[in-house]
Amino acid sequence: MRTQITRACTAVAAVGFVLLAGGTASAHVTADAPGATQGDYSVITFKVPTESETANTTSLTVALPNLKSARTEPIPGWSSKVDRNDKAEATSVTWTADPGTPGVRPGQFQRFVLSVGPLPTKDEVSFPATQTYSDGKVVKWDQPMGADGSEPEHPAPMLTLAAASGDGHDDHHVGSSAAASEKAEDNDNTARWLGGIGLALGLLGVALGLGNVIRGRRA
Numbered sequence: 010m011r012t013q014i015t016r017a018c019t020a021v022a023a024v025g026f027v028l029l030a031g032g033t034a035s036a037h038v039t040a041d042a043p044g045a046t047q048g049d050y051s052v053i054t055f056k057v058p059t060e061s062e063t064a065n066t067t068s069l070t071v072a073l074p075n076l077k078s079a080r081t082e083p084i085p086g087w088s089s090k091v092d093r094n095d096k097a098e099a100t101s102v103t104w105t106a107d108p109g110t111p112g113v114r115p116g117q118f119q120r121f122v123l124s125v126g127p128l129p130t131k132d133e134v135s136f137p138a139t140q141t142y143s144d145g146k147v148v149k150w151d152q153p154m155g156a157d158g159s160e161p162e163h164p165a166p167m168l169t170l171a172a173a174s175g176d177g178h179d180d181h182h183v184g185s186s187a188a189a190s191e192k193a194e195d196n197d198n199t200a201r202w203l204g205g206i207g208l209a210l211g212l213l214g215v216a217l218g219l220g221n222v223i224r225g226r227r228a
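Our numbering applies: residue 10 is where the sequence shown begins, and numbers increase by one.
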């Protein structure tokens, strides 16, 4: 009987350890961008949980790999600012809770969405983050994965990028998208001109028809 109880306790402890480890891992600041491709534009969602039991998350800064474009999505109660270098490349973005708003309370999380591009031509991209709490505590999520694949205490948010399609030239890919957009706009303008000309000819035909009717009645 004692052996069965001991085994049961061991099993419960093992399950508890696994759940605790899973909960800790899920509490990390993470980055997610399904379908993100090298050299392309994408939308990244940073998930930020508040790990503190007594303080709120009031600020998040994410380092960016010198991107041409970086645009934030409006979040009620939060302000955002994109920092750029002398080449106008986005180097970081900071979200700050507005005065009088609580930020992210203990036991809660917040998603911060960022549209960026073109992404680097790398298999993986790191986005080191700095999380600030209302009590002044600062947590840096900037540690790389261990050489053996082990996870550090504060891992940097990472994205795995799919290989670029076609010839792999980022400028060509982005240029093709712009050219396609421009062509679509030209086609739309052409259709509008043709529609306007057709409408004008139709009105002219109606006017001529009315003129003939009036002249016929006078005759």
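Quick reminder that beta carbons are idealized off the backbone N, C-alpha and C, glycines included.
Close-in-space but distant-in-sequence residues of the same chain around P74 (CB under 7 angstroms, 5 per side omitted): On the sequence shown, residue 74 is found 65 positions in, with the first residue counted as 1. Contacts found: P129 and V134.
Helix, strand or coil: which one does DSSP assign to Q119? As a working note, residue 119 is residue 110 in the sequence shown. Three-state result, Q119: strand.
Flag this pair as yes or no: are the beta carbons of S124 and R80 separated by less than 7 angstroms? Counting from 1 along the sequence shown, the entry for residue 124 is found at position 115. Counting from 1 along the sequence shown, the entry for residue 80 is found at position 71. Contact flag set, yes.
DSSP three-state label for S143, please. Working through the sequence shown from its first residue, we reach residue 143 at position 134. DSSP places S143 in coil when its eight states are reduced to three.
Is the region 108-128 touching the region 49-60 in the sense that three or more CB pairs, one from each, lie closer than 8 angstroms? yes
Per DSSP, what kind of secondary structure is A64 in: helix, strand or coil? The residue you call residue 64 lines up with position 55 of the sequence shown. Looking at A64 - three-state DSSP - the assignment turns out to be coil, as it is neither helix nor strand.
Less than 7 angstroms between the C-beta atoms of P111 and T59, yes or no? Against the sequence shown, residue 111 aligns to sequence position 102. Against the sequence shown, residue 59 aligns to sequence position 50. In this structure, T59 does not lie closer than 7 angstroms to P111 by Cβ.
Let me make sure I understand the geometry here. Which of Y142, P83, A97 and T70 has the alpha-carbon closest to that of K77? For this step, residue 77 is matched to residue 68 along the sequence shown. Comparing Cα-Cα distances from K77 to each of Y142, P83, A97 and T70, the minimum goes to A97.
Which first and last residues belong to the beta strand (DSSP E) in which K90 is found? Position 81 of the sequence shown holds residue 90. Here the beta strand (DSSP E) through K90 covers W87 to R93.
Pick from Q119, V38 and G44 that is closest to S174, judged by C-alpha positions: Counting from one through the sequence shown, the residue named residue 174 turns up at place 165. It is G44.
Best match in S88, F136 and R120 for proximity to D151 [C-alpha to C-alpha]: Locating residue 151 in the sequence shown gives position 142, where the first residue counts as 1. Closest by alpha carbon: F136.
Paired residues, beta bridge with Q152 - DSSP: Sequence index remark: in the sequence shown, residue 152 carries index 143 (1-based). Q152 is bridged to P164.
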